[in-house]
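First the structure, in the form of structure tokens, and then the observations on it.
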Amino acid sequence: MRMFRKGLAASICLFVTGGVLAQDIAVRGEKIYTAAGAVIENGVVVVRDGKIATVGSVDEVSVPAGIELLDAAVVTPGLIDAHTVVGMVGFLSQADDQDHLERSAAIQPDLRAIDAYNAREPLVEWLRGFGITTIHSGHGPGEIVSGQTLIAKTRGDTVAEAVIVPSLMVAATIGEGAVMSGNGGRNTPGTRAKVASMLRAELLNAQSYAEKIAAALDDDDKEPPPRDLKMDVLADVVAGDTPLLVTANRHNDIMTALRIAEEFGVDMILDGAAEAYLLLDEIQAAGVSVIVHPSMARASGERENLSFTTAAKLINAGIPTAFQSGYEGYVPKTRIVLYEAAITLAHGVTFDQALAAITIDAATILGIDDRVGSIEVGKDGDLALYDGDPFEYTSHAIGTVIGGELVSDTIK
Amino acid sequence: MIKISQRPRRLLRVLSLGLSSLLFFSSSLALAEPIAFTGAKVMPVSADPIDDGVLVIDDGRIVAVGAAAEVRIPRDAEIIDVSGQVIVPGFVDTHSHIGEPAGGDRSAPIQPEARVLDSLNVRDAGFRRALAGGLTTVHIMSGSGHLMSGQSIYVKLRDGNDVTSIAYKRDDGSVDGGMKMANGTNPRRDPPFPGTRAKSAALVRQKYIAAQEYMAKLEAAGDDDNKMPDRDLGMEALVEVLQGERIVHHHTHRHDDVMTVLRLQEEFGFRVVLHHVSEAHRVAEEIAAANAPVSLILIDSPGGKLEAQYTDLKSAPALENAGAKVSFHTDDYISDSRLYMRQAGLGVRAGMSPEFALRALTLAGAEMLDLGDRIGSLDVGKDADFVILSGDPTSVYTRVQETWVEGQKRFDIDDPDDRAVAEGGFGVLQPSVLTDFHGYGEGH
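Those sequence lines, one after another, are chains G and L. All residue numbers for the first sequence refer to my numbering, where the first residue is 853 and numbers rise by one. All residue numbers for the second sequence refer to my numbering, where the first residue is 90 and numbers rise by one.
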């Protein structure tokens, strides 16, 4: 096991320089929503060396001389899209650049998102224009285990510049979405039960693999098993070190996911969860967070029973909840979490809850709240500027700051 | 502003409406008393908003609309206090695929004879979703996987048991609708479908020339049955197109595809509404100069397919500024009918005026369906189709409270069943055929 830890640490080091074009900037806002306390009226945020240095009322915080100063009606933390495939798929839906899903096998945890992520994909810039500064992108739903995910800032010309967490979760699908999805001549899995059994079998293999490695480390006479990329990743999953992001929409599939999480002690995050409103107690008891389907996802297929009120029910049940843009195969090619969150405002979610679900709560679910998600001293200088209520479609995103650098000043 | 009509000549009108409509109206006749909605902000679209407005309806029509101080409410009227709310005309969706609308099949790229009338499922959950979104009139059409996929249908979301009872009718009693056409990416397939844009245009031109010849034979025959050409269902529909009786509703995205539509329109003289028009911002002046109305959909992001690469919200203000007519549509299933109002919000975001955006949800669409004299604004004599909103139509905080069609309340947020449809949830949207429709692979 120790060798994986070392490997992971090394790859993080490679990327730690990502996004560090440290800058100083100050932003004055008529309202500053910090996602870490009450709104600050007539406030100012100062970013030094890419990190938030001070935040407070303009009466209390002095802006250092010579620093670039921006003004906005509303300032929020840079927004977080808690699950997308932007960067993994080309925006024109051409067959040769849809790299979110490999169909050759049902279980491929070894597929790394960093080996496909395109930092220059136009939709990355598109999202950035709305104040979205951090995305959780990677392999999408559609196979039992489709591959890994990553965390990127929405800037940078290369994957190394953009990515801040090269491998965050392993993406899995339980339910119809993973059934008969091979197309490449495969005829399995063909049922829900088979999906679950194949996933369980592979997690058992990973447990066994990890045990053999541990045994070899303890006993010089024992040989470790041959290195297996798939098993390396799944061993981290069964150890609870790498979360399993499980797309499950129907109530029975959600229960299957929770059952498997319990059986293997997996750190699970539910994705989609269209029928989660039927299982609030169960999800809460399992201590599982939910990255809920886009509010405007089409009510069809496995999501035909989705509700605009699901987010409100999850949040009000105390279940950590974040919004996502999801995956779209057609038009619109990506959704925008700001717009998706906005739809829930007329369906029971409050302004503060909605904002948290695209900032601090998303960061916490993704385990990156030490760096992003709120305007607090020491966090990344990622800010979103608006000319009014950010959720109103009639307002505009007017500026996006990442690491203290103004990376977008288009009016969107 | 005071608008109080004469009491409608109820009997005469009912007699002229035909049997199915008579059945529908019989219940309202029995109840027959006017209803006055008071206290709301009334946005008639055809006139300036009225802060403390009154809307009076009777027997399925609007009989008065104006400021509280000026409208005389009939003595026998039921008064409904909707203080703090906003009344707007019933929304008109100029492009939708609710109700399983199938047109032509895979046998040919041009099939004007196929009618959505013959495929619509009035029990599809899409109709209930539409009412929850404030829609009262919907233009339902087949897909864009053909150069011409068939005859569309204009539907009123009244309570109907079959397709003819919800269809708009022309004066002669026939079902009213348009002709769906498409160019660009979607109709391109293996033969007999076209493989290029030039071939697409050539096939369409050849068909319209045939229709011109058919029409000439009809005219030459006059009343002489012996000279009449054999009946041809497709040609008959295309003659209606050439005569301006049936409007062409044309899927088109790229700027050059838009110009191709306008070129064909000029050659053959049909009436056309341009639909989707991703690149309208690039040819807004040309569209306005051709006097071609646009049925627009505003999409959250560009792409998804090649021809939507340059889609941009700025088409909305560009068309308004150029003086073009603009309506919105859902393209349901592309966007959900329950979320139709957000089109106006997105339009305003891009720079459209709020007045023009509300008109695009209502009256502009009605006019594009030749229904502007019956619906689309809150004017005396028009159908009592309206929506009661909790706030401004461009706000994300606003919800549809009630949807009224011809004086009947068809959606009520306080009704648990209706609320369930508005919000979604277990089983309420079944039967839903969204997946099945997508399965046609025709694109939109």
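For every residue, glycine included, the Cβ atom is placed at its ideal position computed from N, Cα and C.
What are the residues in the region 500-517 of chain L lying within 9 Å of chain G by C-beta distance?
Cβ contacts with chain G come from A509, A511, E512, G513, G514, F515, G516, V517.
By Cβ distance, which residues of its chain are closer than 8 Å to G/A1067, with the 5 residues on each side in sequence left out?
For G/A1067, where only same-chain residues beyond five positions count, the Cβ hits under 8 Å are K1074.
On the CB-based measure, 16 or more other CB atoms within 10 Å of its CB, does G/L1002 come out buried or exposed?
It is buried - the Cβ of G/L1002 has at least 16 other Cβ atoms within 10 Å.
Check the Cβ-Cβ distances between G/T986 and every residue of chain L, and say whether any is below 8 Å.
So no, G/T986 is outside the interface.
Closer than 7 Å: is that where the CB of G/A1067 sits relative to any heavy atom of the ligand FAD?
Absent from the structure shown: the ligand FAD. Ligands present: none.
For L/S208, collect the residues of the same chain with a Cβ closer than 7 Å to its Cβ; drop the 5 residues on either side in sequence, then sort them by chain order.
Correct list, in chain order: E189, P190, A191.
From the DSSP output, in three-state form, read off L/Q301 for me.
Three-state result, L/Q301: helix.
So what's L/S254 in DSSP terms, helix, strand or just coil?
Residue state, collapsed to three classes: helix.
Within 10 angstroms of the Cβ of L/E308, are there 16 or more other Cβ atoms? Answer buried if so, exposed if not.
Exposed, since its Cβ has fewer than 16 Cβ neighbours within 10 Å.
What number of angstroms, rounded off, separates the C-alpha of G/R1111 from the C-alpha of G/I932?
The alpha-carbon atoms of G/R1111 and G/I932 are separated by roughly 29 Å.
Should G/G1170 be labelled buried (16 or more other beta-carbon atoms within 10 Å of its own) or exposed?
Counting Cβ neighbours within 10 Å, G/G1170 comes out exposed, since fewer than 16 surround it.
DSSP three-state label for G/Y1245, please.
Reduced to three states, the DSSP call for G/Y1245 is coil.
When burial is assigned at 16 or more other CB atoms within 10 Å of the CB, is L/L478 buried or exposed?
When all chains shown are included, L/L478 counts as buried.
Around the Cβ of L/K316, are there at least 16 other Cβ atoms within 10 angstroms (buried) or fewer (exposed)?
It counts as exposed.
I need the straight-line Cα distance from L/L351 to L/G461, nearest angstrom please.
C-alpha separation (whole angstroms): 23 Å.
Please list the partners that G/F943 has in chain L, where partner means a Cβ-to-Cβ separation under 9 Å.
Here the neighbours are S390, P391, G392, G393, Q398.
Which value, in whole angstroms, describes the spacing of the CA atoms of L/M132 and G/T928?
Distance between the alpha carbons of L/M132 and G/T928 is about 34 Å.
Given that G/Y885 touches chain L, what residues does it touch there, using C-beta distances under 8 Å?
Simply none; closest approach about 17 Å.
How would you call L/D251, buried or exposed, if buried means at least 16 neighbouring beta carbons within 10 angstroms?
The residue in question, L/D251, is exposed, as its Cβ has fewer than 16 Cβ neighbours within 10 Å.
At what residues does the beta strand (DSSP E) containing L/Y243 begin and finish?
It spans 242-245 - the beta strand (DSSP E) in which L/Y243 sits, taken as one unbroken run.
Examine chain L for any beta-carbon lying closer than 8 Å to the beta-carbon of G/P1172, and answer yes or no.
No, because no Cβ of chain L sits closer than 8 Å to the Cβ of G/P1172.
Does the Cβ-Cβ distance between G/G930 and G/V1142 come in under 8 Å?
No; because the gap between Cβ atoms is not below 8 Å, this pair is not in contact.
When the distance is taken between beta carbons, is L/H228 closer than 8 Å to L/S185?
Contact: yes.
Output, in sequence order along the chain, the residues in the region 443-472 of chain L whose CB is closer than 9 Å to any CB in chain G.
Listed in sequence order: P443.
Have a look at G/N970 and G/A1023 and give me their C-alpha separation to the nearest angstrom.
So the alpha carbons of these two residues sit roughly 19 Å apart.
Going straight from the alpha carbon of L/A413 to that of G/G895, what length do you get?
Their Cα atoms are separated by approximately 44 Å.
Roughly how many angstroms lie between the CA atoms of G/D1070 and G/T985, to the nearest whole one?
Roughly 44 Å between the two C-alpha positions.
Is the shortest distance between the beta-carbon of G/T1211 and the beta-carbons of chain L less than 8 Å?
No, G/T1211 lies away from the interface with chain L (no Cβ there is under 8 Å from its Cβ).
For G/T1094, count neighbouring Cβ atoms within 10 angstroms of its own Cβ and tell me buried if that reaches 16, exposed if not.
The residue in question, G/T1094, is buried, as its Cβ has 16 or more Cβ neighbours within 10 Å.
How would you list, in chain order, the residues of chain G whose beta-carbon sits under 7 Å from the beta-carbon of L/Y486?
Near L/Y486 (Cβ distances below 7 Å), the residues of chain G are L1197, A1198.
Indicate the three-state DSSP secondary structure (helix, strand or coil) for G/D1070 in the structure shown.
In this structure, G/D1070 counts as helix in the three-state DSSP scheme.
Roughly how many angstroms lie between the CA atoms of G/V1144 and L/A378, to the nearest whole one?
C-alpha separation (whole angstroms): 46 Å.
I'd like to check one pair, L/F500 with L/D507: are the Cβ atoms closer than 8 Å?
Yes, Cβ-Cβ distance for L/D507 and L/F500 is below 8 Å.
For G/A878, which option in G/A1163, G/D911, G/P916 has the closest C-alpha, if you only look at C-alpha atoms?
Nearest of G/A1163, G/D911, G/P916 to G/A878, Cα basis: G/P916.
What is the rounded straight-line gap between the Cα of G/A1014 and the Cα of G/V937?
Going from the Cα of G/A1014 to the Cα of G/V937 covers about 15 Å.
Report the option in G/L1235, G/D1234, G/A1249 whose CA atom is closest to the CA atom of G/D1241.
Ranking G/L1235, G/D1234, G/A1249 by Cα distance to G/D1241 puts G/A1249 first.
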